[in-house]
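Sequential numbering from 244 applies to the sequence shown in the working numbering. See structure below.
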Amino acid sequence: MQEIVFEDRGLHSEEQARTLNYQFCYQCRRCTNGCPLTFAMDIYPDRVIRLLNLGQLDRILHCATIWICSSCKTCTTRCPNQVDIAGVMDYLKEKAIEEGIRPPEMATLVFHESFLKEIEKRGRVFEAGLMQRYMLLSGQLSQKIRDGSIKDDIKMGIKLFLKGRMPLLPESIKGRKEIKHLIRKTQ
Ligand code: SF4
Ligand code: SF4
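Here it is, written out as structure tokens:
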């Protein structure tokens with residue numbers, strides 16, 4: 244692959260472009276046909292790859308699809324050309340943040356950040372803490388209080404607690420210093 248090609252598309256490096264393999268896409272649509280979240284997407288996964296190959300980075304950085312994608316990797320495993328579609332979606336999320344583009348699905352970004360904060364703090368997720376942070380920062384808490392649906396969440400929380408699935412106190416892992424270091428380094 245020529246350097247000029249990925250530079251045109253705003254990608255970081257030739258190495259990254261090689262790993263993602265998006266240039267080998269021949270538009271068979273197996274990725275899109277297997278994706279469980281296309282119903283909520285504004286641009287289908289095969290189209291994202293196509294637009295990337297056409298150099299229309301700006302369009303895909305503003306779409307909701309990259310934030311709807313759950314990184315389940317169904318598309319990546321189905322692709323006959325080893326295109327890492329899920330990797331492309333992750334890359335595009337990072338790129339959108341880097342460029343200061345406000346995601347159409349802001350709650351997804353808040354969830355990602357809350358999840359990472361939990362891992363950074365304890366080396367593992369404390370579900371109650373994650374949910375509190377997410378609900379507060381995403382504005383879901385005030386909305387749920389307004390429409391009364393908070394009662395259902397509380398009921399579900401109690402059920403999970405009684406079944407031992409929602410501990411009230413957080414637990415940490417031994418190597419959390421190393422995890423914190425890794426997260427800081429990647430950021
Ligand atoms: S499955 Fe692979 S080759 Fe087929 S459209 Fe998707 S990315 Fe392209
Ligand atoms: S990784 Fe994203 S795009 Fe791929 S199948 Fe899963 S949700 Fe769809």
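Note that beta-carbon positions come from the ideal geometry of N, C-alpha and C, so glycine has one too. Here the structure is a predicted model, which is why all the values come from computation and not from measurement.
- Beta-carbon proximity list for THR262, same chain, < 8 Å, skipping 5 on both sides: Counting from one through the sequence shown, the residue named residue 262 turns up at place 19. ASP327 and GLY330, listed in sequence order.
- Endpoints, the alpha helix (DSSP H) within which ILE303 is located: Taking the sequence shown and counting its residues from 1, one reaches residue 303 at position 60. Note, ILE303: alpha helix (DSSP H), 300-304.
- Rounded Cβ spacing between LEU335 and ILE303 (contact assumed at less than 8 Å): Taking the sequence shown and counting its residues from 1, the one referred to as residue 335 is at position 92. Taking the sequence shown and counting its residues from 1, the one referred to as residue 303 is at position 60. LEU335 to ILE303, Cβ: 6 Å. Contact.
- Query: Cα separation between GLN383 and TYR377?
  - Reply: Position 140 of the sequence shown holds residue 383. Position 134 of the sequence shown holds residue 377. Each residue's CA atom was taken as its position, placing GLN383 and TYR377 some 8 Å apart.
- Task: Counting only the same chain and skipping the five closest in sequence on each side, list residues whose C-beta sits under 7 Å from that of GLU361.
- Result: In the sequence shown, residue 361 corresponds to position 118, counting from 1. Here the set comprises VAL368, PHE369, GLY372 and LEU373.
- Message: Output needed for ILE309: all residues of its chain with C-beta closer than 6 Å, excluding positions within five of it in sequence on either side, in chain order.
- Response: Indexing the sequence shown from 1 puts residue 309 at position 66. Around ILE309: MET332, LEU335 and LYS336.
- Query: Is the stretch 405-417 touching the stretch 351-358 in the sense that three or more CB pairs, one from each, lie closer than 8 Å?
  - Reply: no
- Task: To the nearest angstrom, report how far apart LEU295 and TYR265 are at their CA atoms.
- Result: For the purposes of this step, residue 295 is taken as the residue at position 52 of the sequence shown. For the purposes of this step, residue 265 is taken as the residue at position 22 of the sequence shown. LEU295 and TYR265: Cα-Cα distance of roughly 8 Å.
- Task: May I have the straight-line CA-CA distance separating GLU341 from ARG427, to the nearest angstrom?
- Result: Here residue 341 corresponds to residue number 98 of the sequence shown, with the count starting at 1. Here residue 427 corresponds to residue number 184 of the sequence shown, with the count starting at 1. The straight-line gap from Cα to Cα measures roughly 16 Å.
- Task: With distances taken Cα to Cα, identify the nearest neighbour of SER381 among CYS318, MET399, GLN299 and PRO346.
- Result: By 1-based counting over the sequence shown, the position of residue 381 is 138. When each option's Cα is compared against that of SER381, the closest is PRO346.
- Message: Below 7 Å, is the gap between the Cβ of LYS479 and the nearest heavy atom of ligand 2?
- Response: Residue coverage of the chain in this structure runs from 244 to 430, which leaves residue 479 outside it and unanswerable.
- Answer yes or no: the CB of ASN324 versus the heavy atoms of ligand 1, is any distance below 7 Å? Position 81 of the sequence shown, counted from the first residue, corresponds to residue 324. Result yes, Cβ under 7 Å from ligand 1.
- Message: Taking a contact to mean a Cβ-Cβ separation below 8 Å, would you say CYS274 touches PRO288 in this structure?
- Response: Here residue 274 refers to the residue found at position 31 when the sequence shown is read from its first residue. Here residue 288 refers to the residue found at position 45 when the sequence shown is read from its first residue. If you check the CB distance, CYS274 and PRO288 come in under 8 Å.
- Report yes if the CB atom of LYS423 is closer than 8 Å to the CB atom of GLU348, and no otherwise. By one-based count along the sequence shown, residue 423 stands at place 180. By one-based count along the sequence shown, residue 348 stands at place 105. No; because the gap between Cβ atoms is not below 8 Å, this pair is not in contact.
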